[in-house]
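Just below is one structure, and these are the notes that go with it.
Numbering (the numbering used here), first residue to last: 1 to 400.
The structure is reproduced here in structure tokens:
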């Protein structure tokens, strides 16, 4: 039971009471959580002593020898060891106090000794762990003494003392051993986004390979076989050979069309040559409903941002064709400060959801991988408005 109860035995009351004639089962304050907190507080003496000695020795030794060649590397190694002590303290707090503290992100990969040295010396996680070790020695002695006295002499006060002291320990762990707030959160987001980008790129490569294997490649293999047979028939039966060549000519046209469609799916030529306005007008012409396109950009964005904007609008218009039951739609593109804004609106039945199976969830993840945002407004009955934001990056001086 929890140590949060105010007395050693509190009878149960209310509808959950035991059946009539059966004594209610008492709820004790000396439950598992209380004894876990007591174990944590008693172990504070050893862990804080180790942390204090380690912090003093490693910092003083590294700083004192910093005038020599080995000083700063020694300090960097000491900070690396502090990270390990911090990890053990977080594990102890999670196991005994139930503190949910995420592990900080590891140090970034270094390209050489100086890069590693600088990264280790400016590591905020290690320095906060060293501070944690320095300030907790008096606290460790205090908590050990109060908990031991309460356990041996003032045992009725043990649940309350352990709860109060453990709450202070939880605050110290969260304050000094947690990840570096915004910076660590941002690092975790970037790591997740990198995984999304890698997965998306791998899926695109598999799609291209599948389309080539199942489409144009198979057609070209059949074309080669047909031309081989026509060559054999050329002298014996010229009419049949001519018919086979004519059929092969048709196969060549179909193969070329498939290759053009595949190339359009990778990066359309009209986007490279004429920009986002012309490319979006081209893709909107393939939509099953009339689409009004309005692109208001004084200059072209960077190629990567332009490509993402094109494929975002293309996928949204595919959703309009497949799911919206709309009679008309519109596409607007403009720049707002350092953001590229895209908005696709339709007058369909609405009710779209980010997790509704229309691919919007995956689209949102891909936009998030480049610091983009996807916002959906689709009440039942319509209309549906999807707004996407992308970071604006301009082209170089040699860009079109």
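In this text, a Cβ means the ideal position worked out from N, Cα and C, and glycines have one as well.
Nonlocal neighbours in the same chain, by C-beta distance under 6 Å from residue i, ignoring five residues either side
{"i": "residue 294", "result": "332"}
{"i": "residue 397", "result": "A caution first: residue 397 carries a pLDDT of 40, below 50, which makes its placement in the model unreliable, though a value can still be read off. Within the same chain, residue 397 has no close Cβ partners at all."}
{"i": "residue 387", "result": "343, 375"}
{"i": "residue 102", "result": "179"}
{"i": "residue 75", "result": "62"}
{"i": "residue 107", "result": "119"}
{"i": "residue 270", "result": "278, 279, 282"}
{"i": "residue 140", "result": "44, 45, 48"}
{"i": "residue 78", "result": "58, 62"}
{"i": "residue 275", "result": "300"}
{"i": "residue 86", "result": "129, 177"}
{"i": "residue 230", "result": "241, 244, 245"}
{"i": "residue 36", "result": "96"}
Cβ shell of residue i (< 7 Å), same chain only, five flanking positions each side left out
{"i": "residue 354", "result": "360, 361, 364, 376"}
{"i": "residue 151", "result": "38, 158"}
{"i": "residue 227", "result": "248"}
{"i": "residue 288", "result": "321"}
{"i": "residue 222", "result": "251"}
{"i": "residue 394", "result": "299, 301, 302"}
{"i": "residue 220", "result": "255"}
{"i": "residue 284", "result": "291, 293, 317, 331"}
Unbroken beta strand (DSSP E) run spanning residue i, endpoints
{"i": "residue 43", "result": "Segment 32-64 is the alpha helix (DSSP H) holding residue 43; no beta strand (DSSP E) there."}
Whole-angstrom distance between residue j and residue i, CA atom to CA atom
{"i": "residue 273", "j": "residue 248", "result": "32 Å"}
{"i": "residue 385", "j": "residue 345", "result": "4 Å"}
{"i": "residue 225", "j": "residue 334", "result": "52 Å"}
{"i": "residue 235", "j": "residue 256", "result": "29 Å"}
{"i": "residue 120", "j": "residue 133", "result": "18 Å"}
{"i": "residue 15", "j": "residue 351", "result": "Bear in mind that a pLDDT of 39 at residue 15, under 50, signals an unreliable position, so the model cannot answer this."}
{"i": "residue 381", "j": "residue 128", "result": "54 Å"}
{"i": "residue 253", "j": "residue 240", "result": "20 Å"}
{"i": "residue 411", "j": "residue 173", "result": "The structure shown has nothing for residue 411, since the chain only spans 1 to 400."}
{"i": "residue 367", "j": "residue 312", "result": "8 Å"}
{"i": "residue 22", "j": "residue 83", "result": "Caution applies to residue 22, whose pLDDT of 42 falls short of 50 and renders its modelled position unreliable; the value that the coordinates give is listed next. Rounded to whole angstroms, residue 22 to residue 83 spans 55 Å at the Cα level."}
{"i": "residue 65", "j": "residue 55", "result": "15 Å"}
{"i": "residue 310", "j": "residue 348", "result": "22 Å"}
{"i": "residue 390", "j": "residue 50", "result": "50 Å"}
{"i": "residue 399", "j": "residue 291", "result": "With a pLDDT of 42 at residue 399, under the threshold of 50, the modelled position of this residue cannot be trusted; read the value that follows with caution. In a straight line, the C-alpha of residue 399 is about 29 Å away from that of residue 291."}
{"i": "residue 88", "j": "residue 113", "result": "27 Å"}
{"i": "residue 318", "j": "residue 370", "result": "22 Å"}
{"i": "residue 116", "j": "residue 123", "result": "11 Å"}
{"i": "residue 156", "j": "residue 135", "result": "30 Å"}
{"i": "residue 372", "j": "residue 378", "result": "20 Å"}
{"i": "residue 296", "j": "residue 324", "result": "26 Å"}
{"i": "residue 330", "j": "residue 286", "result": "14 Å"}
{"i": "residue 232", "j": "residue 238", "result": "10 Å"}
In DSSP terms, what residue i is bridged to
{"i": "residue 384", "result": "346"}
{"i": "residue 335", "result": "340"}
{"i": "residue 376", "result": "386"}
{"i": "residue 292", "result": "330"}
{"i": "residue 391", "result": "339"}
{"i": "residue 301", "result": "394"}
Where the alpha helix (DSSP H) through residue i begins and ends
{"i": "residue 146", "result": "124-152"}
{"i": "residue 111", "result": "Premise fails: residue 111 is in no alpha helix (DSSP H) and is neither H nor E."}
{"i": "residue 271", "result": "269-274"}
{"i": "residue 365", "result": "360-368"}
{"i": "residue 73", "result": "71-97"}
{"i": "residue 163", "result": "158-177"}
Close-in-space but distant-in-sequence residues of the same chain around residue i (CB under 8 Å, 5 per side omitted)
{"i": "residue 392", "result": "301, 305, 335, 337, 338, 339, 340"}
{"i": "residue 40", "result": "92, 93, 96, 97, 166, 169"}
{"i": "residue 176", "result": "128, 129, 131, 132"}
{"i": "residue 298", "result": "335"}
{"i": "residue 137", "result": "48, 49, 51, 52"}
{"i": "residue 81", "result": "54, 58"}
{"i": "residue 328", "result": "289, 290, 291, 292, 346, 347"}
{"i": "residue 308", "result": "366, 367, 370, 372, 390"}
Check: residue i C-beta below 8 Å from any heavy atom of the ligand ZN
{"i": "residue 375", "result": "As far as ligands go, the structure on display features none, and thus does not contain the ligand ZN."}
Inset, instruction - Determine contact between the region 35-55 and the region 144-159, defined as no fewer than three beta-carbon pairs at a distance below 8 Å. - result: yes
Legend entry - Stretch-stretch touch, CB-based, cutoff 8 Å, three pairs: the region 166-175 with the region 67-82: no
Inset, instruction - Please determine if the region 148-162 and the region 92-112 are in contact, where contact requires at least 3 C-beta pairs separated by less than 8 Å. - result: no
Inset, instruction - Evaluate contact between the region 51-63 and the region 98-112, counting only Cβ atoms and requiring at least three cross-stretch pairs below 8 Å. - result: no
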